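Throughout the sequence shown, residue numbering follows the numbering used here, covering 146 to 283 in sequence.
Working notes for the structure below.
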Amino acid sequence: MLLTTPQELRQYLPTHVIESLEPLYGFIDNSEHDFLLEKIGKPLYAELTKVYDELIDKAMDAVEQDSLLQAENYFKEALRLEPANMRNSLLFSNLGTIQRRMGKRKEALESYSLALNKTPFSVTMLLNRASLLMEMND
Numbered sequence: 146m147l148l149t150t151p152q153e154l155r156q157y158l159p160t161h162v163i164e165s166l167e168p169l170y171g172f173i174d175n176s177e178h179d180f181l182l183e184k185i186g187k188p189l190y191a192e193l194t195k196v197y198d199e200l201i202d203k204a205m206d207a208v209e210q211d212s213l214l215q216a217e218n219y220f221k222e223a224l225r226l227e228p229a230n231m232r233n234s235l236l237f238s239n240l241g242t243i244q245r246r247m248g249k250r251k252e253a254l255e256s257y258s259l260a261l262n263k264t265p266f267s268v269t270m271l272l273n274r275a276s277l278l279m280e281m282n283d
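Okay, structure coming up:
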């Protein structure tokens, strides 16, 4: 199952709910954000964030068009662009789902595992990884 982006979640949940949940589930690591912001400055950081968001949007559009290889490439590019981004656990989970659909089970397992490194208590990610492991044992 593909996870929704924070932008989509914000359409359905009040901001104060998302802000209170994010730290609990490890979506935010302020030390990484502050370090990057300090090193490259606000204007460049804003541009980096814009490109990152555009890559995610392109990846989701590619998924909707069933262009899985293209979506995989967009997600990987976003992950390379901002390796410390707080939303990367969602990207790794979505990447794993795409790889799974493409028959790349080992890569999908690695992506799900990387997603769980950042959000180890995510039920959806745990279920995705567990069901993939069951498939791989068949």
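Even for Gly, the Cβ is constructed at its ideal location relative to N, Cα and C.
Note that the structure is a prediction, hence the values are computed from the model and not measured.
The DSSP-derived three-state label of Ser238 is helix.
The region 237-247 makes contact with the region 257-267, as at least three CB pairs between them are under 8 Å. Contiguous alpha helix (DSSP H) elements confined to the region 175-237 occur at 175-185, 187-209, 213-226, taking only those with 4 or more residues. Of all C-beta pairs linking the region 210-226 to the region 184-191, fewer than three are shorter than 8 Å, placing the two stretches out of contact.
Cβ contact annotation for Ala207 (same chain, cutoff 8 Å, sequence separation greater than five): Leu213, Gln215, Ala216, Tyr219, in chain order. Within 10 angstroms of the beta-carbon of Asn233 lie 16 or more other beta-carbons, which makes it buried. Leu200 counts as buried, since no fewer than 16 other beta carbons sit within 10 angstroms of its beta carbon.
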